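Peer 1: Shown below is the structure under consideration.
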Amino acid sequence: MQIAPSILSADFGHLARAVDAVEKAGADRIHIDVMDGLFVPNLSFGPQIVSVLRQETTLPLEVHLMVQHPEEWVKTFADAGADMLLVHLEATPHIHRALSLIKQTGMEPGVVINPGTSVDAIDMVLPIVKQVLVMTVDPGFGGQEFIPEMLEKTDELATIHDRDESLDFKIEIDGGVNPGTIKLAAKHGVDIAVAGSAVYDGGNPADNLHHLQKLAAEAE
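Take any residue in the sequence shown, count from 1 to its spot, add 713: that is its number in this note's numbering.
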């Protein structure tokens, strides 16, 4: 399982240092949450942060857009240096257009579903995407409690993926990932786990990341 440290839980005053620490520790990618205060009740990073971090790391930058009308931001984040762009099904009536625009820029397109959204709702876009992100908390804030029932969705996605060789997507979870829940996720078809507080709390992100990686590997 890959671990994607989320800088939403890092020290905002030293983001470059926070990214460097996990890159040296073997992180697979960096997860960047972009919130507009409308689709979710919080504000966070914009394309300028992505652009700065692009100069600081060679790791893939995975941008999670929690914004209304995400299709309007595709070119901006492509120009900023994002490698993957993940958009919520619930944020736009034009999900096919949004994903197609992402693909046209050369970024990897991903679709995100909230806890209240079923896997059936994204069936028609699975041939387009490279990632499906299942929210394991309600989006908008870090440090929330993991919703274990969401792993039924990752099981369902794994089954869909395995029975159709034409599909080529990774299954990702985001929210409430910690040493206990990552072991559970590893048994339910999860390829990538976003971890924020579990990596950056306590002041030693390298050790925290190694611990999560070890637990996930042992559970698989």
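Even for Gly, the Cβ is constructed at its ideal location relative to N, Cα and C.
No experiment lies behind these values; they were computed from the predicted model shown.
Straight-line CA distance for leucine 772 to alanine 740?
Peer 2: Roughly 8 Å separates the two Cα atoms.
Peer 1: Does arginine 742 pass the burial test, meaning 16 or more other C-beta atoms within 10 Å, or should it be called exposed?
Peer 2: Buried is the call here.
Peer 1: Which whole-angstrom value describes the C-beta separation of proline 760 and phenylalanine 790, a residue pair presumed to lie in contact below a C-beta threshold of 8 Å?
Peer 2: Yes, proline 760 and phenylalanine 790 are in contact; Cβ-Cβ is about 6 Å, under 8 Å.
Peer 1: Does the beta-carbon distance from valine 800 to valine 824 come in below 8 Å?
Peer 2: Cβ atoms of valine 800 and valine 824: closer than 8 Å.
Peer 1: Give the C-beta separation of threonine 849 and glycine 909 to the nearest angstrom, bearing in mind that I take them to be a contact with Cβ-Cβ under 8 Å.
Peer 2: Threonine 849 to glycine 909, Cβ: 12 Å. No contact.
Peer 1: Below 8 Å between beta carbons: does that hold for glutamine 844 and isoleucine 716?
Peer 2: Result no, Cβ atoms of glutamine 844 and isoleucine 716 do not sit closer than 8 Å.
Peer 1: Identify which residue in Glu775, Ala804, Glu769 and Gly794 has its Cα closest to the Cα of glutamate 785.
Peer 2: Residue Ala804 is the option with its Cα nearest to glutamate 785.
Peer 1: Check each candidate in Asp920, Ala906, Ala793 and Leu778 and name the one with the smallest Cα separation from alanine 929.
Peer 2: When only C-alpha atoms are compared, the closest one is Ala906.
Peer 1: Kindly list the residues whose CB is nearer than 7 Å to the CB of proline 828, restricted to its own chain and excluding five residues on each side of it in sequence; keep chain order.
Peer 2: Excluding positions up to five away in sequence, the list reads Met848, Asp851, Ile860 and Met863.
Peer 1: Compute the distance between the beta-carbons of methionine 748 and glycine 853, then report whether it is under 8 Å.
Peer 2: Going by C-beta atoms, methionine 748 is nearer than 8 Å to glycine 853.
Peer 1: In its own chain, which residues sit with a C-beta less than 6 Å from the C-beta of tyrosine 913, not counting the 5 before and 5 after it?
Peer 2: Here the set comprises Ser722 and Ala723.
Peer 1: Relative to the C-alpha of leucine 839, which residue among Asp877, Glu858, Val763 and Leu774 is closest?
Peer 2: Nearest C-alpha to leucine 839: Asp877.
Peer 1: In angstroms with no decimal places, state the Cα-to-Cα distance between phenylalanine 882 and valine 732.
Peer 2: Their backbone Cα atoms lie some 25 Å apart in a straight line.
Peer 1: Relative to the C-alpha of methionine 797, which residue among His807, Ser813 and Ala919 is closest?
Peer 2: Ranking the options by Cα distance to methionine 797, first place goes to Ser813.
Peer 1: Identify, in the order they occur along the chain, each residue of the same chain with its Cβ nearer than 7 Å to the Cβ of alanine 795, setting aside the five sequence neighbours on each side.
Peer 2: The residues are Val763, Leu774, Val776 and Met820.
Peer 1: Skipping 5 residues on each side, what residues in its chain have a beta carbon closer than 8 Å to that of alanine 834?
Peer 2: Same-chain partners within the cutoff: Leu802 and Ile826.
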